[in-house]
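Quick note: the sequence shown, position 276, residue 284 per our numbering, numbers continuous.
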Amino acid sequence: MSNLLVVLVCLAIGLLLQRNNRLPEAMALSLNNYVIYVALPALVLFEIHQLTLDTRALLPIVFAWLMMFASALFIWVFAKRAGWSRSITGALMLTVPLGNTGFLGIPLIEALLGKEAIPYAILYDQFGTFIALNTYGSFIAAYYSGNATSGKNLLNAIISFPPFIALIVAFISLPLYFPTWFSTVLEKISSTLVPVVMVAVGLQWRLRLEREFVGPLALGLIATLVLTPMLAWIMLYLLGINNLAAQVVVLEAAMPAMISAGVLAINYQLAPRLASSLVGYSLLLSLATVWAWRQFI
9 MSNLLVVLVC LAIGLLLQRN NRLPEAMALS LNNYVIYVAL PALVLFEIHQ LTLDTRALLP
69 IVFAWLMMFA SALFIWVFAK RAGWSRSITG ALMLTVPLGN TGFLGIPLIE ALLGKEAIPY
129 AILYDQFGTF IALNTYGSFI AAYYSGNATS GKNLLNAIIS FPPFIALIVA FISLPLYFPT
189 WFSTVLEKIS STLVPVVMVA VGLQWRLRLE REFVGPLALG LIATLVLTPM LAWIMLYLLG
249 INNLAAQVVV LEAAMPAMIS AGVLAINYQL APRLASSLVG YSLLLSLATV WAWRQFI
């Protein structure tokens with residue numbers, strides 16, 4: 009569980025750095041920019057080139073996208089009825105549908121279900137959540153931030169998003185062989201993503217939120233940790249599927265908010281405090297809720 013320890017330690021470092029008045033005010037923004045323009049594109053290039061798709065294991069991939077769109081639709085409808093701002097809606101549309109299914113999800117699933125479950129977790133993460141971050145995520149960020157005032161501007165915002173560019177390059181270059189030294193460089197750079205992100209989240213995380221964010225935070229936590237995995241379990245139960253892949257789907261659907269999705273929301277000024285709080289609180293609460301879901305299934 010060393011991955012979880014890294015997350016918690018770096019989050020604590022960020023919280024402690026809030027008390028240092030000598031740090032520049034834009035430090036968190038600088039860290040976010042490093043992630044968006046350097047670390048995340050490196051991770052995309054490295055991970056896509058490591059993948060092999062097993063056509064016999066499509067269940068995790070299909071359900072990853074189903075859960076994402078179902079939770080996005082739920083947030084969109086609820087936010088519209090509640091009259092929440094575009095900033096709040098955009099933050100929730102990023103952090104609720106996109107779960108931490110890789111960095112945290114894979115180690116947790118290995119611990120709870122065993123090593124034989126890892127391939128299904130990788131498929132759910134890499135062909136579902138990971139690709140969604142760089143496609144759906146870039147669209148939501150551009151749309152709700154107001155950076156795209158027309159269809160043309162929206163398209164430009166998406167195709168100029170560094171991780172999306174890296175995703176296209178990665179798929180185009182799949183037939184090519186990456187030299188060992190180049191893969192090593194990409195791996196080393198991408199390994200800085202989570203520590204840097206969690207320090208940035210800690211810098212912007214406020215334990216006490218403004219009143220306008222309390223409702224959205226509560227909804228986001230309930231949707232992320234309870235409703236989404238519940239929907240996955242109900243659908244699988246109705247389909248009569250109760251194998252190892254199905255168990256992986258339920259647990260992946262129960263993972264906390266994706267760290268990179270939170271950074272994307274912060275970078276595009278989509279309710280930064282709400283986004284960082286949802287990432288932080290969902291991470292802490294998931295230690296209990298994911299275990300509870302494992303006992304249930």
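Yeah, the Cβ is synthetic: ideal placement off N, Cα and C, and Gly gets one too.
CB residue i to CB residue j, shorter than 9 Å?
{"i": "leucine 282", "j": "isoleucine 96", "result": "yes"}
{"i": "glycine 145", "j": "tyrosine 132", "result": "no"}
{"i": "glycine 22", "j": "methionine 206", "result": "yes"}
{"i": "valine 287", "j": "alanine 269", "result": "yes"}
{"i": "alanine 72", "j": "valine 298", "result": "no"}
{"i": "leucine 24", "j": "alanine 174", "result": "no"}
{"i": "leucine 227", "j": "leucine 102", "result": "no"}
{"i": "alanine 108", "j": "leucine 259", "result": "The sequence given here places asparagine at residue 108; alanine does not occur at that position. Against a cut-off of 9 Å, the Cβ pair of leucine 259 and asparagine 108 comes out as no contact."}
{"i": "glutamine 134", "j": "glycine 98", "result": "no"}
{"i": "isoleucine 44", "j": "leucine 272", "result": "yes"}
{"i": "phenylalanine 172", "j": "asparagine 142", "result": "yes"}
Straight-line CA distance for residue i to residue j?
{"i": "glutamate 118", "j": "glutamate 124", "result": "8 Å"}
{"i": "glutamine 306", "j": "phenylalanine 221", "result": "With the chain represented from 9 up to 305, any question about residue 306 goes unanswered, as that position is not in the structure."}
{"i": "glutamine 58", "j": "asparagine 29", "result": "43 Å"}
{"i": "leucine 247", "j": "leucine 67", "result": "12 Å"}
{"i": "serine 285", "j": "methionine 75", "result": "22 Å"}
{"i": "alanine 129", "j": "alanine 150", "result": "29 Å"}
{"i": "alanine 36", "j": "threonine 188", "result": "33 Å"}
{"i": "alanine 20", "j": "phenylalanine 86", "result": "32 Å"}
{"i": "proline 115", "j": "lysine 88", "result": "36 Å"}
{"i": "leucine 121", "j": "leucine 252", "result": "8 Å"}
{"i": "valine 177", "j": "arginine 219", "result": "43 Å"}
{"i": "valine 1", "j": "proline 170", "result": "Look at the range of the chain in this structure, 9 to 305, and you will see that residue 1 is not part of it."}
{"i": "glutamate 33", "j": "asparagine 164", "result": "30 Å"}
{"i": "arginine 216", "j": "leucine 225", "result": "12 Å"}
{"i": "glutamine 255", "j": "isoleucine 267", "result": "23 Å"}
{"i": "serine 153", "j": "leucine 31", "result": "27 Å"}
{"i": "glycine 223", "j": "tyrosine 42", "result": "31 Å"}
{"i": "isoleucine 249", "j": "leucine 239", "result": "14 Å"}
What is the DSSP secondary structure of residue i, reduced to helix, strand or coil?
{"i": "alanine 269", "result": "helix"}
{"i": "serine 181", "result": "coil"}
{"i": "glutamate 33", "result": "coil"}
{"i": "glutamine 255", "result": "helix"}
{"i": "glutamate 55", "result": "helix"}
{"i": "alanine 279", "result": "coil"}
{"i": "arginine 219", "result": "helix"}
{"i": "leucine 194", "result": "helix"}
{"i": "arginine 89", "result": "helix"}
{"i": "threonine 187", "result": "For the sequence presented, residue 187 should be read as proline rather than threonine. Here proline 187 sits in coil by DSSP."}
{"i": "leucine 66", "result": "coil"}
{"i": "leucine 175", "result": "helix"}
{"i": "phenylalanine 71", "result": "helix"}
{"i": "tryptophan 299", "result": "helix"}
{"i": "serine 168", "result": "coil"}
{"i": "serine 284", "result": "helix"}
{"i": "isoleucine 44", "result": "helix"}
{"i": "arginine 27", "result": "coil"}
Which partner residues of residue i appear in the DSSP bridge assignment?
{"i": "glycine 107", "result": "Ala265"}
Counting only beta-carbon separations shorter than 9 Å, does residue i have a partner in chain C?
{"i": "tryptophan 73", "result": "Considering every chain present, this structure includes no chain C. It has just one protein chain."}
Taking 8 Å as the cut-off, does the segment 47 to 54 touch the segment 191 to 201 (at least 3 CB pairs, one atom from each stretch)? yes
Report yes or no: do three or more beta-carbon pairs, one from the segment 227 to 237 and one from the segment 257 to 265, lie closer than 8 Å? yes
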